[in-house]
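K.L.:
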Amino acid sequence: MRLSRSAKVILGVVTAAVFLFIYLPLLLVVVNSFNADRTFGWPPQGFTLEWWGRAFDSTGVREAVVSSLWVAAVSTVISLVLGTLLALALLRYKFFGRDVISLLVILPIALPGIVTGIALNNMFTTILGVSLSMWTVVIAHATFCMVTVFNNVIARLRRMHGGLEEASADLGAGVFTTFRLVTFPQLRSALLAGGLLAFALSFDEIIVTTFTIGAGDTTLPIWILQNLFRPNQAPVVNVVAVVLIVVSIVPIWLAQRLSQDSVGIGGTRVKAAEG
Amino acid sequence: MSLQTKHPVPGTPPAAAAVPRPKAHRFSALLHRSPNLRLAGLVTAPAGWLVLVYIAALAALLITAFWTVDTFTGKVSTEWTTENVVTVLTDPVYQRITLRTLWIAIAVTLIDLVLALPMAFFIAKVASPRWQKLLVVAVLMPLWASYLVKAYAWRNVLADGGLLEWLGAPIGLESPGYGETAVILTLAYIWLPFMILPIYAGFDRVPDSLLEASGDLGAKPLTTMRLVMFPLLVPSIIAGTIFTFSLSLGDYITAQIVGGTTQMLGTVVYANVGAANNLPFAAAVSLVPIAIITLYLFIVRRSGALNSL
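Residue numbers (my numbering), protein chains in the order written: chain A, 7 to 281; chain B, 237 to 545.
#1: How is Thr300/B classed by DSSP in three states: helix, strand or coil?
#2: Whose CA, out of Ser73/A, Val253/A, Ser137/A, Phe25/A, lies closest to the CA of Ser370/B?
#3: Provide the residue(s) that pair with Val312/B in DSSP beta bridges, ordered along the chain.
#4: Using DSSP bridges, identify the partner residues of Asn41/A.
#5: In three-state DSSP terms, what is Pro249/B?
#6: May I ask you to report which of helix, strand or coil DSSP gives Leu9/A?
#7: Answer yes or no: do Val505/B and Tyr488/B have a C-beta to C-beta separation smaller than 8 Å?
#8: Where Pro471/B and Ile528/B are concerned, what is the direct C-alpha to C-alpha distance, given to the nearest angstrom?
#9: Could you tell me whether the stretch 327 to 334 of chain B touches the stretch 161 to 171 of chain A, where touching means 3 or more Cβ pairs closer than 8 Å?
#10: With a threshold of 7 Å on Cβ separation, who are the neighbours of Gly135/A within its own chain once the five nearest residues in sequence on each side are excluded?
#11: If we ignore side chains and look at the alpha-carbon of each, how far apart do Thr469/B and Gly438/B end up?
#12: Tell me the DSSP secondary structure of Asn158/A in three-state form.
#13: Going along the chain, which residues of its own chain have a beta-carbon closer than 8 Å to the beta-carbon of Val37/A, five neighbours each way excluded?
#14: Output yes or no for whether 8 Å exceeds the beta carbon distance between Asp440/B and Ala381/B.
#15: The alpha helix (DSSP H) with Glu448/B in it runs from where to where?
#16: Can you grab the Cα-Cα spacing for the pair Thr131/A / Leu138/A, in whole Å?
#17: Any idea if Asn272/B is buried or exposed, counting beta-carbon neighbours within 10 angstroms, 16 or more meaning buried?
#18: Looking only at its chain, what residues have a beta carbon closer than 6 Å to the beta carbon of Phe150/A, apart from the 5 residues adjacent to it on each side?
#19: What separation, rounded to the nearest whole angstrom, lies between the Cα atoms of Ile255/A and Thr317/B?
#20: Taking Trp402/B as part of the alpha helix (DSSP H), name the residues at either end of that continuous run.
#21: Starting from Val289/B, follow the alpha helix (DSSP H) in both directions and report where the run begins and ends.
#22: Where does Pro249/B land, buried or exposed, given buried means 16+ other C-beta within 10 angstroms?
#23: Which complete alpha helix (DSSP H) runs does the stretch 346 to 426 of chain B hold, if anything under 4 residues is left out?
#24: Given a limit of 9 Å on CB to CB distance, which residues of the stretch 389 to 421 of chain B reach chain A?
#25: Check the Cβ-Cβ distances between Ile160/A and every residue of chain B, and say whether any is below 8 Å.
#26: Would you report the Cα separation of Ser12/A and Ala283/B, rounded to the nearest angstrom?
#27: Count the other CB atoms within 10 Å of the CB of Glu211/A; is the residue buried (16 or more) or exposed (fewer)?
#28: For Tyr532/B, report the span of its alpha helix (DSSP H) as first-last.
#29: So does the stretch 492 to 500 of chain B actually touch the stretch 407 to 423 of chain B, counting three or more Cβ pairs closer than 8 Å?
#30: Is any beta-carbon of chain B found at less than 8 Å from that of Pro227/A?
#31: Just checking, does the stretch 261 to 268 of chain B make contact with the stretch 94 to 110 of chain A on the three C-beta pairs under 8 Å criterion?
#32: Buried or exposed for Trp259/A, please, with buried defined as at least 16 other CB atoms from any protein chain shown within 10 angstroms of its CB.
#33: Any beta carbon of chain A sitting closer than 8 Å to that of Ala507/B?
#34: Taking 8 Å as the CB-CB limit, is Arg8/A close to chain B?
#35: Pull up the distance between the alpha-carbon of Val276/A and that of Glu319/B, whole angstroms please.
#36: On the three-state DSSP scale, how would you describe Lys14/A?
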């Protein structure tokens, strides 16, 4: 298929336009974090660093960041363990109910977040009588984070050579030794990519979180939601947003570098360009 | 694929088991001999988690939809009634909200599809390898920016005296203001990367040689796209639509931020869990998106899209 030059140019222009559409609102957030006008009219009326100073002094923001990091870290660890076990089971063995389980694992991302949220809320409060806390948030997050790890690991396993593990067993290594010395090193970068995604997914999650979090607790997204409509706090929210965007560049680059074969988002596998 | 360890390992002296070994070794050897035990060890924890946490919760949700709330105590009462479900299905108010939510989800999906197709094609098949890498990162990055912040950015873009009005003024374009259109625009914006990524991956998997062969056999680019590329791409497209459709169908926060008074299924669920304190009714409402998504997954399951998720 040979595309004409003009077709390529048109495609390039469309792509550029969509990128503009993607980045313009984000740029606006950056500009507004320096905007002296609290109503963010356009064009901006004045420049200020006040919001940046207030954001760094805010204990509310700091506490919310810490609890978000904690929730994301614990959920990621749980989902790394469960996702890896499940990927190994589904790819290496044939068993009754295998298809059902492979459908089950994608269900938490295929169903809308609000369904997951209310289902867990209902189970915790009505059925089990457990009071909502940070731990209920962790349980909810681990449930949908498992998919990203699962997808990254199973993609790697599909391309891995089972012969190495057999050789290891033939040479006398036990099941655990083989995993530690042969399987795990091959999975490491896939685990890191999946883990980073799980972490990011959990760190930013708001819909399921609102249904599963305790009354006094806040994660960063909850803090943002609570302060979005307060005229005095909204500019600080912009600052937090800018910091999040900038900080997020690091894990993206890491994930991109470390997984030569797959980068998944919400379980989507994207083959990185071979360059 | 199963490991070959079921076959006896040649050269293993049968006397090996007689040598006393540390506990861990014996356990490892036991696992080595029994694939079923290995499988059980792998599958129990994750499958148990999914079933005990997720499936149990969904089942409980289904049951709760048929319960009611005691009007005096405000507590959930386990008396069976179909009232909630009947109201959701027959009350014109909820019928309208269901249709509106469905329409928003379909519109968002179509907009994202139209934007993502040319872009994903350009990144996968036209851009040079170096650019390809860069552009993929550029698509990924906004995904990491907070969902709330993106919705809020659009609130500012669409505001009175906001960026859109300022940009549109010279060509006589006005901001649609807060409402249904704003919700569609904002959701299409937020979920766009979820459409681009699977479609890009789909394009990337189509071998160039296949396209060249089609061209060599005389097919024009459009014919090649229609007859060679599109059929191979269907699973990826459907995977993308599952994301955008499902994510839009369950949204309520964007509706709060830019929707004005727009009610979606999500807002009804949220209001009934929180302010109205009627969990059974919220459960009944949430059965609607579950039914719609399940139906959609059932229709597309044969296309292989579920493996492209």
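Ideal placement from N, C-alpha and C gives every residue a C-beta, glycine not left out. No experiment lies behind these values; they were computed from the predicted model shown.
P.N.:
According to the structure data:
#1: Numbered from 1 along the second sequence, position 64 holds the residue referred to as residue 300/B. Reduced to three states, the DSSP call for Thr300/B is helix.
#2: By one-based count along the second sequence, residue 370/B stands at place 134. Going by the sequence as given, residue 370/B is Leu instead of Ser. Answer by Cα proximity: Phe25/A.
#3: Translated into the one-based positions of the second sequence, residue 312/B becomes position 76. Val312/B is bridged to Val305/B.
#4: Position 35 of the first sequence, counted from the first residue, corresponds to residue 41/A. Paired residue(s): Phe53/A.
#5: Taking the second sequence and counting its residues from 1, the one referred to as residue 249/B is at position 13. Caution applies to Pro249/B, whose pLDDT of 47 falls short of 50 and renders its modelled position unreliable; the value that the coordinates give is listed next. Correct three-state label for Pro249/B: coil.
#6: The count along the first sequence starts at 1 and reaches residue 9/A at position 3. It is coil, neither helix nor strand.
#7: On the second sequence, residue 505/B is found 269 positions in, with the first residue counted as 1. On the second sequence, residue 488/B is found 252 positions in, with the first residue counted as 1. Taking 8 Å as the Cβ cut-off, Val505/B and Tyr488/B qualify as a contacting pair.
#8: The residue you call residue 471/B lines up with position 235 of the second sequence. The residue you call residue 528/B lines up with position 292 of the second sequence. Near 19 Å, if we compare the C-alpha coordinates of Ile528/B and Pro471/B.
#9: no
#10: One-based indexing of the first sequence puts residue 135/A at position 129. Nothing meets the Cβ criterion.
#11: If you number the second sequence from 1, residue 469/B lands on position 233. If you number the second sequence from 1, residue 438/B lands on position 202. According to the sequence shown, residue 469/B is Leu rather than Thr. The straight-line gap from Cα to Cα measures roughly 6 Å.
#12: In the first sequence, counting from the first residue as 1, residue 158/A sits at position 152. Asn158/A falls in the helix class under three-state DSSP.
#13: In the first sequence, the residue the question calls residue 37/A occupies position 31. Once the five neighbours on either side are set aside, the close Cβ partners of Val37/A are Pro50.
#14: Counting from 1 along the second sequence, the entry for residue 440/B is found at position 204. Counting from 1 along the second sequence, the entry for residue 381/B is found at position 145. It is not a contact, given that the beta carbons lie outside the stated cut-off.
#15: Within the second sequence, the letter at position 212 stands for residue 448/B. For Glu448/B, the uninterrupted alpha helix (DSSP H) segment begins and ends at 444 to 452.
#16: If you number the first sequence from 1, residue 131/A lands on position 125. If you number the first sequence from 1, residue 138/A lands on position 132. Their backbone Cα atoms lie some 7 Å apart in a straight line.
#17: Taking the second sequence and counting its residues from 1, the one referred to as residue 272/B is at position 36. Asn272/B comes out exposed.
#18: As a first step, residue 150/A is located in the first sequence; it is residue number 144 there, counting from the start. Once the five neighbours on either side are set aside, the close Cβ partners of Phe150/A are Pro114, Ile115.
#19: In the first sequence, the residue the question calls residue 255/A occupies position 249. In the second sequence, the residue the question calls residue 317/B occupies position 81. Roughly 52 Å between the two C-alpha positions.
#20: As a working note, residue 402/B is residue 166 in the second sequence. Element bounds for Trp402/B: 399 to 404.
#21: Counting from 1 along the second sequence, the entry for residue 289/B is found at position 53. Counting along the chain, Val289/B falls outside any alpha helix (DSSP H), and DSSP gives it neither H nor E.
#22: Here residue 249/B refers to the residue found at position 13 when the second sequence is read from its first residue. Any reading at Pro249/B needs caution, since the residue's pLDDT is 47, under 50, leaving its predicted position unreliable; the model's value is listed next. Classification of Pro249/B: exposed, given that the 10 Å Cβ count is below 16.
#23: 365 to 380, 383 to 394, 399 to 404
#24: When C-beta distances to chain A are compared with 9 Å, the residues of the stretch 389 to 421 of chain B below that value are Ala389, Trp390, Arg391, Asn392, Val393, Ala395, Asp396, Gly397, Gly398, Leu399, Leu400, Glu401, Trp402, Leu403, in chain order.
#25: For the purposes of this step, residue 160/A is taken as the residue at position 154 of the first sequence. Ile160/A does not count as touching chain B.
#26: Locating residue 12/A in the first sequence gives position 6, where the first residue counts as 1. Locating residue 283/B in the second sequence gives position 47, where the first residue counts as 1. Taking the straight line from one Cα to the other gives about 53 Å.
#27: What you label residue 211/A is simply residue 205 of the first sequence in a count that begins at 1. Answer is buried; the Cβ neighbour count reaches 16.
#28: Within the second sequence, the letter at position 296 stands for residue 532/B. That run of the alpha helix (DSSP H) goes 515 to 536.
#29: yes
#30: Your numbering for residue 227/A matches position 221 in the first sequence. Cβ-Cβ to chain B under 8 Å: yes for Pro227/A.
#31: no
#32: Translated into the one-based positions of the first sequence, residue 259/A becomes position 253. Exposed, by the Cβ-count rule.
#33: Residue 507/B sits at position 271 when you count from the first residue of the second sequence. Chain A contact via Cβ: absent.
#34: In the first sequence, the residue the question calls residue 8/A occupies position 2. Using a Cβ-Cβ cut-off of 8 Å, Arg8/A counts as an interface residue toward chain B, since at least one Cβ of chain B sits closer than that to its own.
#35: The residue given as residue 276/A occupies position 270 in the first sequence. The residue given as residue 319/B occupies position 83 in the second sequence. At Val276/A the pLDDT is 41, less than 50, meaning the model places this residue with poor confidence; the figure from the coordinates comes in the next sentence. So the two alpha carbons sit approximately 46 Å from each other.
#36: Within the first sequence, numbered from 1, the residue matching residue 14/A stands at position 8. Residue state, collapsed to three classes: helix.
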